[in-house]
Structure formats: structure tokens, C-alpha cells
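*Asks:* Numbering (our numbering), first residue to last: 22 to 465. Glycine is no exception: its CB is placed at the ideal position from the N, C-alpha and C atoms. Have a look at this one before I ask anything.
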Amino acid sequence: GADDDLVLSVIGCGYLGAVHAASMVALGHTVVGIDVDRAKITGLGRARPPLYEPRLAELLSDGLGSGRLRFTTDPAAAHGATVHFLCVGTPQQPGGAAADLRHLDAAVTALLPYLKPGDLVVGKSTVPVGTAARLRARIRSVEPAAELAWNPEFLREGHAVADTLAPDRIVYGVPGGPAGIAAADLLNRIYAKAVADGTPVISTDYATAELTKAAANAFLATKISFINAMADLCDATGGDVVRLADALGHDRRIGRQFLGAGLGFGGGCLPKDIRAFLARAEELGAGASLAFLREVDAINLHRRARLVELALAACGGAPAGKRIAVLGAAFKPGSDDIRDSPALEVAERLASVGADVVITDPRALDRVVETRPHLAVACTLDEAIGGAELILLLTEWPEYVELDPVALREVVDRAVIIDGRNALDPARWRAAGWSYRALGRGGS
Ligand code: UGA
Numbered sequence: 022g023a024d025d026d027l028v029l030s031v032i033g034c035g036y037l038g039a040v041h042a043a044s045m046v047a048l049g050h051t052v053v054g055i056d057v058d059r060a061k062i063t064g065l066g067r068a069r070p071p072l073y074e075p076r077l078a079e080l081l082s083d084g085l086g087s088g089r090l091r092f093t094t095d096p097a098a099a100h101g102a103t104v105h106f107l108c109v110g111t112p113q114q115p116g117g118a119a120a121d122l123r124h125l126d127a128a129v130t131a132l133l134p135y136l137k138p139g140d141l142v143v144g145k146s147t148v149p150v151g152t153a154a155r156l157r158a159r160i161r162s163v164e165p166a167a168e169l170a171w172n173p174e175f176l177r178e179g180h181a182v183a184d185t186l187a188p189d190r191i192v193y194g195v196p197g198g199p200a201g202i203a204a205a206d207l208l209n210r211i212y213a214k215a216v217a218d219g220t221p222v223i224s225t226d227y228a229t230a231e232l233t234k235a236a237a238n239a240f241l242a243t244k245i246s247f248i249n250a251m252a253d254l255c256d257a258t259g260g261d262v263v264r265l266a267d268a269l270g271h272d273r274r275i276g277r278q279f280l281g282a283g284l285g286f287g288g289g290c291l292p293k294d295i296r297a298f299l300a301r302a303e304e305l306g307a308g309a310s311l312a313f314l315r316e317v318d319a320i321n322l323h324r325r326a327r328l329v330e331l332a333l334a335a336c337g338g339a340p341a342g343k344r345i346a347v348l349g350a351a352f353k354p355g356s357d358d359i360r361d362s363p364a365l366e367v368a369e370r371l372a373s374v375g376a377d378v379v380i381t382d383p384r385a386l387d388r389v390v391e392t393r394p395h396l397a398v399a400c401t402l403d404e405a406i407g408g409a410e411l412i413l414l415l416t417e418w419p420e421y422v423e424l425d426p427v428a429l430r431e432v433v434d435r436a437v438i439i440d441g442r443n444a445l446d447p448a449r450w451r452a453a454g455w456s457y458r459a460l461g462r463g464g465s
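Pasting the structure below:
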């Protein structure tokens, strides 16, 4: 109810922070979003999100209109808030595997002068286990009556608003004793709507909360690499990995989700998170226990090489000048994010050996043009496909999955398609006269 509305600051207004700030306003709170990036703050103040995300622009615009949401570059604005969410990025260290905590430490440094007794700082960024305890000591050396909680975020791009408003579970890492209970109570007030809806809340120690996030992403990455390893076995034996995944998925202990074999995982989270987790385990002397993550990473990266091999073989080993249409640049459908995008890496490698690569994507083309001016893009599917000798489906956007193979035959030079996401029906494409190839459908 209105009595329980809180004033919050959200420090770091990138993807995570922008979604969190707008969602907390939707839950009834008053929020100030703070970021050092002036362009980002100006955009958000005009309801323009830093990345495409369904419902986010609308939520921002409602929040700004209500007067309960504002954005600023001034850290002093945190002074008016009692709960401060740390939402800055923790990227992979340049040239290393570990997480780069520079932004996180800078955010805490900026916040420290404005903390008051009774304030709660809440970490949401993905961090190496041990970070919360270290930050708590920093915070309490300046304001001994402030507290810290760790509340990892599990949202998926493309579902970020829904995942924030109605999460599968809520995890708090808090210190022991009354201080920890008070911190958990305050977080329960913030998430009162989800808690009332029966969302499971796991209140635990810092290390467990930090580990939950790292373990969740490690598990998901492992599941994907597992099915991709099975795809190689299918290629070696004439099996079909899609049917295999269906059959495995009916076992409720396994489940069908994240058994999508193909080009593997990319994006701003899974690849860097498994590397950072392994690097942290090594620091802790537990590297051997996570050595399998190195294999998970290697299997995943090998998918890209395999796809390139398939494409080169489809070009008869002579890619120079061959027109290749690449469908998809985003790291997954429903997103305009191209960070560590498998699709883009395949496109780049083929272009670098002289193929005439043209990339199209419903959302991510602007980012491709900004960051890879040497790559050719086509704004429409027709333009990308016209005259192609090879089509690569690398991001399974619904509009690509629903393409009509009969109509498409008319506009290409050679009807050859490589389905990098196992998203198409091979029988249908073959019946329409296509040479259909994929990773893990050796017998289809
Ligand atoms: C991931 C996790 O799913 C979130 O729970 C987590 O909060 C987030 O990282 C994060 O740490 O912030 P996200 O990166 O948005 O979310 O994307 P996913 O939907 O997990 O997909 C990751 C990659 O795996 C994509 O490249 C996707 O194409 C690939 N993937 C996914 C597969 O190759 N096969 C599958 O079956 C599923």
C-alpha cells in the first residue's frame, strides 16, 4: 500500500539498472536512477532505453509521467533515498577471464558520502563470490549504521520486465543476526507484490547468494553445451539432435528448456560469467572443481568454427565472392544485443575469407553498423536474400523461422540453407528443393 512506498536509488542505468528502476516505480516506489554516462541519462529521461526490451519504454514513460521516476548524473541524488541498488556492469577483464569490478567499486565510492544511518545498499550485479563481504566492510567503515544485502538478478533479455516484476524466485544474501533480518524485511517490503503472489524467497548468507547467480548461469551454459556435444554425436552417427532433445526433455528431471542445439550461447552474460566463475574458483583454490566449465566454454566456441566449416563446404571450399545471406545478428531473438553474438562472429569470419556476406536482422542492424562498419548489411530480408548462393539462419527470429521455402527458392541463386539454430523443418525445406544442412541432424 501507499504507506509502504519507499524512496530508492538505482546506481548504474545500463540494461539491468534501467529495467530495475522502471520496474520499481511500477511496484509503487519512488526511484532516482544515477549513472555517470550523460548520454544514457538524457535518453532515459526521454523514456529511451539503452537497449531494446519489450515494455521498457512504456514503463519508463509511465514512471517519468508519474513524477516518481527521474534520472541524473549527480550521485548526491542518492541522499534522498534509503535503499540503494548497485546495478553496474561487471564485464570480463580486458585480456583476462576474471570479472572487472572497477565500475562496481566506483559506484560504491560515489555513493559513500551520501549514505545515512539506516540506509540499505543492495548489490544486484553479478560478482565474484566474496565481493559482498568486502563491500560491506567498505561501506561500514564510512557509515557504520548502514547495511548491505546481495540480491542477484536472474532476468533474461527480452523478458527483463516480466522477470523483474514476477521472478521465479528472490534471493537475498544478508549478514547474520538482527541486522540481516531487518535487511531482509526491508527487501520484502520492496518486493511486496511478488512476495504476496507466492514467489519463493530464499534469505541466506552472502556467499550463497553470490554463488546462486554464478551457479545458475553455469548450469544453463552447461545444459546448452551438453546438448551441443550430443549434436556432434548425432553427426557422427546419423542421429537427430532435435528429436533427441525432445525425447530427453520429456524426462521431468531433465526438462526440454535450454536443450536447443546449434550455434551455442553468446550475449553479455553466460560466456563471461562462466569464465569469471572459473577464475574466481581458481583464486579460491577450487579451480579443479570447475574445470568442466573450461570444456563447456570450448564446446560452445567450437560451434562457431563448425558452422564456418559447414558454410565453407557449402561454397565448395571457395568462398571468395560468393554471396552469403546471414539471417540474424543479435545473440538471440527478441533482442538487439550483439555482445559476443555467435551469428556475428560467423559472419565476420566468412567475410574475412572473402565471401560476399550480407547480414540482416530485425533489430540489431544499427549496432552492427556502429561497431562493424566493414560488414555489409541489408535492411530487408528480400534485399539480403536476393541472388544469394547460401543462406545461413544464425538467430532464430520468428520471421525467419516462418519463411516459406517455396517462395524463397524463386529469389536465390542456389537453394542452399544452413540452419544454425535447428529452427526449421528439414523435411519441408527439402521437399521445396533446398539443400538443407544443420549441426546435429546427421540423419535427417
Ligand atoms: C541469461 C540467463 O538466462 C538469465 O537467467 C540471466 O539472468 C542472464 O543471463 C544474466 O546473467 O544477466 P540472457 O543472456 O538474456 O540470460 O539469454 P538466454 O536466454 O539465457 O540465452 C543465452 C544464449 O544461449 C543465447 O545466445 C541463446 O541463443 C543461447 N541458447 C539458449 C542456446 O543456444 N540454446 C538454448 O537452448 C537456449
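Any chance the stretch 409–426 sits against the stretch 341–356, with 3 or more Cβ pairs inside 8 angstroms?
*Replies:* Judged by Cβ distances under 8 angstroms, the stretch 409–426 makes contact with the stretch 341–356, as three or more pairs qualify.
*Asks:* Just to confirm, are Gly461 and Ala282 a CB contact at a threshold of 8 angstroms?
*Replies:* Sequence index remark: in the sequence shown, residue 461 carries index 440 (1-based). Sequence index remark: in the sequence shown, residue 282 carries index 261 (1-based). The answer is yes: Cβ separation under 8 angstroms.
*Asks:* Looking at C-alpha atoms only, which residue of Ala405, Ile406, Asp358, Ala409 is the closest neighbour of Glu391?
*Replies:* Here residue 391 refers to the residue found at position 370 when the sequence shown is read from its first residue. Closest option to Glu391, Cα to Cα, is Asp358.
*Asks:* Is the CB of Tyr227 under 8 angstroms away from at least one CB in chain B?
*Replies:* Structure shown: chain B not included; a single protein chain is present.
*Asks:* Where does Glu79 land, buried or exposed, given buried means 16+ other C-beta within 10 angstroms?
*Replies:* The count along the sequence shown starts at 1 and reaches residue 79 at position 58. The residue is exposed, with fewer than 16 neighbouring Cβ atoms inside 10 Å.
*Asks:* Between the stretch 180–187 and the stretch 144–164, can you find at least three pairs of beta-carbon atoms closer than 8 angstroms?
*Replies:* Counting Cβ pairs under 8 angstroms, fewer than three are found: no touch.
*Asks:* Using the beta-carbon count (16 or more within 10 Å), is Glu168 buried or exposed?
*Replies:* To locate residue 168, count along the sequence shown from 1; it is residue 147. By the neighbour-count rule (16 or more Cβ atoms within 10 Å), Glu168 is buried.
*Asks:* Arg393 by DSSP, collapsed to three states: which one?
*Replies:* As a position in the sequence shown, residue 393 is number 372, starting the count at 1. Note: Arg393 maps to coil in three-state DSSP.
*Asks:* For the stretch 205–224 and the stretch 253–268, state whether three or more C-beta atom pairs, one from each stretch, are separated by less than 8 angstroms.
*Replies:* Too few Cβ pairs lie closer than 8 angstroms, so no.
*Asks:* Would you mind stating whether Ala364 and Leu291 have Cβ atoms separated by less than 8 angstroms?
*Replies:* Against the sequence shown, residue 364 aligns to sequence position 343. Against the sequence shown, residue 291 aligns to sequence position 270. Their beta carbons are not under 8 angstroms apart, which means Ala364 does not touch Leu291 by this criterion.
*Asks:* What are the boundary residues of the beta strand (DSSP E) that includes Gly144?
*Replies:* Against the sequence shown, residue 144 aligns to sequence position 123. Here the beta strand (DSSP E) through Gly144 covers 141–144.
*Asks:* Can you check whether the CB of Leu77 is closer than 8 angstroms to the CB of Val109?
*Replies:* Looking up residue 109 in the sequence shown gives position 88. Looking up residue 77 in the sequence shown gives position 56. The answer is no: Cβ separation not under 8 angstroms.
*Asks:* Buried or exposed for Val150, going by 16 or more other Cβ atoms inside 10 Å?
*Replies:* As a working note, residue 150 is residue 129 in the sequence shown. Burial call: buried.
*Asks:* Can you give me the C-alpha to C-alpha distance between Gly454 and Arg430, rounded to a whole angstrom?
*Replies:* Along the sequence shown, one-based indexing puts residue 454 at 433. Along the sequence shown, one-based indexing puts residue 430 at 409. Each residue's alpha carbon lies about 8 angstroms from the other.
*Asks:* If you drop the 5 nearest sequence neighbours on each side, which residues of the same chain put their C-beta closer than 7 angstroms to that of Phe279?
*Replies:* Counting from one through the sequence shown, the residue named residue 279 turns up at place 258. Leu241, Lys244, Ile245.
*Asks:* Taking all protein chains shown into account, do 16 or more other C-beta atoms lie within 10 angstroms of the C-beta of Ala43, making it buried, or fewer, making it exposed?
*Replies:* By one-based count along the sequence shown, residue 43 stands at place 22. Buried, since its Cβ has 16 or more Cβ neighbours within 10 Å.
*Asks:* Measuring straight from C-alpha to C-alpha, what distance separates Ala436 and Phe298?
*Replies:* Within the sequence shown, residue 436 is the residue found at index 415, counting from 1. Within the sequence shown, residue 298 is the residue found at index 277, counting from 1. Cα to Cα, the separation comes out at about 44 angstroms.
*Asks:* Pick out whichever of Asp58, Ile295, Glu304 has its Cα sitting closest to the Cα of Asp318.
*Replies:* Numbered from 1 along the sequence shown, position 297 holds the residue referred to as residue 318. Of the candidates Asp58, Ile295, Glu304, the one whose C-alpha sits nearest the C-alpha of Asp318 is Ile295.
*Asks:* Between Glu178 and the ligand UGA, is there a pair consisting of the residue's CB and a ligand heavy atom that are separated by less than 7 angstroms?
*Replies:* Taking the sequence shown and counting its residues from 1, one reaches residue 178 at position 157. Yes.
*Asks:* Helix, strand or coil, according to DSSP, for Asp267 in the structure here?
*Replies:* Working through the sequence shown from its first residue, we reach residue 267 at position 246. Helix at Asp267.
*Asks:* In chain order, what are the residue ranges of uninterrupted alpha helix (DSSP H) at least 4 long that sit wholly in the stretch 367–446?
*Replies:* Runs found: 386–392, 402–406, 419–422, 426–430.
*Asks:* Give the range of the beta strand (DSSP E) segment to which His323 is assigned.
*Replies:* As a first step, residue 323 must be located in the sequence shown, where it is residue number 302. Segment 313–335 is the alpha helix (DSSP H) holding His323; no beta strand (DSSP E) there.
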